[in-house]
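Before any comments, here is the structure.
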Amino acid sequence: MEEKEIMTVKQVAEYLQMDEHTIYKLARTGLIPSLKIAGQ
């Protein structure tokens, strides 16, 4: 089984060298996989 790492928006933005707003937009449109943790 492949282990998947969960990253924060900030971590993804730094890794991809993009703005956090861009990461939110990509997640909203489904271009990158995302999930929302309950209560966050």
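Using the working numbering, you'd call the opening residue of the sequence shown number 1498 and step up by one each time. The beta-carbon is built from N, C-alpha and C at its ideal position, and this holds for glycine as well.
Short of 7 angstroms from the beta carbon of glycine 1536, and not among the five residues preceding or following it, lies no beta carbon of its own chain.
CA-to-CA, the gap between methionine 1504 and glycine 1527 works out to about 16 angstroms.
By the C-beta density criterion, isoleucine 1534 is exposed, having fewer than 16 other C-beta atoms within 10 angstroms. At a Cβ-Cβ threshold of 8 angstroms, valine 1506 and isoleucine 1520 count as neighbours.
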